[in-house]
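In the UniProt record's numbering, the protein residues as written are 1 to 306. Glycine included, every Cβ here is placed at the ideal spot set by N, Cα and C. Notes to accompany the following structure.
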Amino acid sequence: MNSQALLSNIRSYVCPRVYPLNSIWPPLRRSAVMIVLFIGNYGEVRVLLTRRSRQLNNFSGHVSLPGGKSDHVEESGYDVARRETMEEIGLPFDEELNKRGFVLEKLNEMPCYLSRTFLSVRPVVCFLHKTNHPQETISDIQFILNPGETSSIFSVPLLDLIGLNAQHEYIRKTTNHFKWGNLRWPIKHYFYPSENPNEIHWLDNIQDLSSDEEIEHEQTERSIKDLWGLTAQILYDLANISINELTKNYIGNENLIYGLTEFGGQMLQRKRSSWESGMIVNERDKAFDQIIPQHVFKHISEEFKL
1 MNSQALLSNI RSYVCPRVYP LNSIWPPLRR SAVMIVLFIG NYGEVRVLLT
51 RRSRQLNNFS GHVSLPGGKS DHVEESGYDV ARRETMEEIG LPFDEELNKR
101 GFVLEKLNEM PCYLSRTFLS VRPVVCFLHK TNHPQETISD IQFILNPGET
151 SSIFSVPLLD LIGLNAQHEY IRKTTNHFKW GNLRWPIKHY FYPSENPNEI
201 HWLDNIQDLS SDEEIEHEQT ERSIKDLWGL TAQILYDLAN ISINELTKNY
251 IGNENLIYGL TEFGGQMLQR KRSSWESGMI VNERDKAFDQ IIPQHVFKHI
301 SEEFKL
């Protein structure tokens with residue numbers, strides 16, 4: 001499937017709108033991430049990723065998508081993700097970007113996901129391309145990393161996440177399951193080499209601030225970047241959307257978030273409740289079905305069996 005078909009499927013995806021916005025993207029727990037897609041050296045669709053600075057309190061050093069928390073309730077998911085992308089990696093706002101001959105085209109939004117810290121995360125999907133030649137490889141764009149937020153930036157092929165590339169770029173991948181709150185969560189890891197010959201050259205030209213933060217893969221002794229957790233799950237879901245395969249797993253966690261807000265009274269205040277705090281550190285006596293009615297929880301648990 002060529003890049004045009006993949007992008008077309010992403011544009012055509014209909015994000016379910018079942019619940020009121022405040023129930024699945026609660027005002028005091030709103031977060032958004034931006035998935036920046038672009039065309040790689042071989043015509044493949046690639047995803048822009050960052051490594052979070054060691055100076056950050058949460059998830060420092062992790063591979064992530066640019067994004068962050070909402071500043072006020074009037075902000076849309078796109079507003080949050082766009083602002084944070086500018087702050088973290090220096091992707092210019094639209095007026096300046098257009099002057100340079102580029103467009104950041106919003107393709108779609110995905111359902112909300114629950115983070116381990118009880119934020120509701122809205123992924124926003126965008127396509128970065130030349131104004132008049134959207135299918136050409138970008139050759140001359142520049143980013144400036146914010147060292148307080150981002151230590152490095154790189155990319156991976158979107159279809160790597162579902163194993164459809166004839167020659168994948170990761171060294172190794174694993175999938176395990178982790179029981180959290182009486183639900184079985186899939187944990188995917190994709191280990192990418194820090195030095196990737198398939199990387200687009202304008203990303204290689206950006207100063208890497210993470211030379212002392214790399215980790216070595218235990219089997220290959222090569223420096224690697226570990227794409228895993230929620231970021232990997234979001235991109236796995238997007239890759240399935242791009243090939244119009246929507247039956248392999250339930251996309252997002254909106255039913256769970258709705259259960260937490262409407263039945264459990266959680267995620268309504270900025271400060272974490274005692275139950276949420278216990279869940280974050282995985283206390284044994286804390287679980288989702290303590291605060292969500294059994295008939296609702298049973299329905300939610302089915303989503304985690306796909």
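According to the DSSP assignment, K298 belongs to the alpha helix (DSSP H) that extends over 294 to 303. Contact between L49 and C126 does not hold, since the beta-carbon distance rounds to 14 Å and is not under 8 Å. With a cutoff of 8 Å on beta-carbon distance, Q233 and P186 are scored as near each other. Excluding the 5 residues flanking it on each side, Q266 has same chain C-beta neighbours closer than 8 Å at F118, L260, S273, W275, E276, I291, in chain order. The closest CA to that of D71, considering only K305, M279, R270, V281, is found on R270. DSSP assignment within the segment 93 to 176 yields the following whole alpha helix (DSSP H) runs of 4 residues or more, N-terminal first: 94 to 99. Of the other Cβ atoms in all chains shown, 16 or more fall within 10 Å of the Cβ of K225; this residue is therefore buried.
Three or more Cβ pairs closer than 8 Å define a contact, and the segment 98 to 113 meets that threshold against the segment 237 to 254. Residue state for T247 is assigned as coil, using DSSP reduced to three classes. When the beta-carbon positions are compared, V80 and A32 come within less than 8 Å of each other. With respect to R30, K69 sits close: the two C-beta atoms are nearer than 8 Å. Contact annotation: Y236 and K188 have beta-carbon atoms nearer than 8 Å. Per DSSP, the continuous alpha helix (DSSP H) segment holding R11 begins and ends at 3 to 12. Per DSSP, the continuous alpha helix (DSSP H) segment holding G77 begins and ends at 77 to 89. A straight line joining the alpha-carbon of G163 with that of L6 spans about 15 Å. For H201, the enclosing alpha helix (DSSP H) begins and ends at 201 to 204.
Sixteen is the threshold: since fewer than 16 other Cβ atoms of the shown chains lie within 10 Å of the Cβ of P293, the residue is exposed. Beyond the five residues adjoining it in sequence on each side, N253 comes within less than 6 Å, by CB distance, of Y113, L114 in the same chain, given in chain order.
Between E74 and F288, the alpha-carbon positions lie close to 30 Å from each other. Residue burial annotation: K130 is buried, with at least 16 other C-beta atoms found within 10 angstroms of its C-beta. Bridge pairing for V63: R51 [DSSP]. G265 sits in coil when the DSSP states are folded into three classes, being neither helix nor strand. D226: not part of any alpha helix (DSSP H); member of the beta strand (DSSP E) spanning 223 to 228, first to last residue. Just so you know, the alpha carbons of R172 and Y250 end up roughly 25 Å apart. In this structure, the CA atom of Y258 is about 22 Å from the CA atom of T247.
Listed in chain order, the non-local C-beta contacts of L28 below 8 Å within the same chain comprise M267, L268, Q269, R270, local neighbours out to five positions each way being set aside. The residue among N182, R11, F191, L227 with its C-alpha nearest the C-alpha of N282 is N182. Nearest to V124 by C-alpha distance, out of L159, I141, K106, is K106. Looking only at L203, L227, W180, the smallest Cα-Cα distance to R284 is reached by W180. Under DSSP, I39 forms a beta bridge with V45.
Assignment of Y19 by DSSP, reduced to helix, strand and coil, places it in the coil class.
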